[in-house]
Amino acid sequence: MEVPVEVSARHVHLSEKDIKKLFGSDYKLTHKRNLSQPDQFLCEERVELIGPKGIFESVAILSPARSQTQVEISITDSRKLGIEPFIRESGDLNGTAGCVLRGPNGETKIENGVIIAKRHIHMCTLDAKKIGTENGQICKVKIKTDSRALIFDDVVVRVNDNFALAMHIDTDEGNSANWNIGVKGTIIL
Ligand SMILES: [Zn+2]
Numbered sequence: 007m008e009v010p011v012e013v014s015a016r017h018v019h020l021s022e023k024d025i026k027k028l029f030g031s032d033y034k035l036t037h038k039r040n041l042s043q044p045d046q047f048l049c050e051e052r053v054e055l056i057g058p059k060g061i062f063e064s065v066a067i068l069s070p071a072r073s074q075t076q077v078e079i080s081i082t083d084s085r086k087l088g089i090e091p092f093i094r095e096s097g098d099l100n101g102t103a104g105c106v107l108r109g110p111n112g113e114t115k116i117e118n119g120v121i122i123a124k125r126h127i128h129m130c131t132l133d134a135k136k137i138g139t140e141n142g143q144i145c146k147v148k149i150k151t152d153s154r155a156l157i158f159d160d161v162v163v164r165v166n167d168n169f170a171l172a173m174h175i176d177t178d179e180g181n182s183a184n185w186n187i188g189v190k191g192t193i194i195l
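Going by my numbering, the sequence shown opens with residue 7, and the numbers climb by one from there.
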């Protein structure tokens with residue numbers, strides 16, 4: 007099965023509590039554009055990401071709000087920030103590193119929630135059945151690009167009826183494969 011491969015640059019998912027701290031109470035984030043996953047969108051607003059050794063200004067915010075703020079960066083980003091990199095699935099935040107976020111209304115310090123997202127494939131139940139996989143299975147994906155074709159191992163399959171078929175990798179992984187818009191991968195189970 008072929009899967010569209012998308013690169014996620016550093017971004018944050020904010021909790022309602024942190025949106026209030028960063029942007030003010032009653033603030034509503036502004037829709038900029040839809041993402042490939044249903045109901046997920048990029049916001050107009052940006053935040054600053056602050057670590058012990060460095061800062062990223064203008065980091066993207068993805069909506070809707072989560073119960074806990076989650077920051078997704080690459081390993082290269084973690085070096086610049088001076089933050090220990092924890093490779094985790096989305097939502098698995100216990101024991102991960104923290105950081106400070108700064109917005110126009112103030113700062114918030116999160117004790118944990120900074121992760122390097124484990125590379126993954128979003129897939130609906132029907133597609134999973136079709137190729138004989140299930141939620142949580144680890145697979146390989148062969149990515150055919152110009153001069154840097156690559157087989158990624160340790161790719162986790164995430165199955166949900168609300169998911170649109172897409173593989174997500176970060177900027178380090180994308181660069182390692184010379185990724186460009188429109189690149190597809192082949193799932194190897
Ligand atoms: Zn994803």
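All residues carry an ideal CB built from backbone N, CA and C; glycine is no exception.
- The beta carbon of Gly138 sits closer than 8 angstroms to the beta carbons of Leu195 from its chain, once the five residues preceding and following it are set aside; these are given in chain order.
- Per DSSP, Leu195 lies in no beta strand (DSSP E) and is assigned neither H nor E.
- Secondary structure at Ser84: helix, using DSSP grouped into helix, strand and coil.
- Here the distance from the Cβ of His19 to the nearest heavy atom of ligand 1 is not below 7 angstroms.
- Between ligand 1 and His37, a heavy atom-to-CB distance of less than 7 angstroms is absent.
- The stretch 93-147 contains, as complete alpha helix (DSSP H) runs of 4+ residues, the segments 131-137 (chain order).
- The C-alpha of Asp152 is placed about 42 angstroms away from the C-alpha of Glu22.
- Gly97 and Gln76 have their C-alpha atoms some 8 angstroms from each other.
- Between the alpha carbons of Leu41 and Gly30 lies a distance of about 25 angstroms.
- Ser31: not part of any beta strand (DSSP E); DSSP gives it neither H nor E.
- Of the candidates Leu171, Arg39, Pro44 and Thr82, the residue whose Cα lies closest to the Cα of Ala66 is Arg39.
- For Leu156, the closest of Thr102, Gly191, Ser14 and Gly112 by C-alpha to C-alpha distance is Gly191.
- According to the DSSP assignment, Asp178 belongs to the alpha helix (DSSP H) that extends over Thr177 to Ser182.
- Contact between Met173 and Val18 is ruled out by a C-beta separation of about 21 angstroms, above the 8 angstroms threshold.
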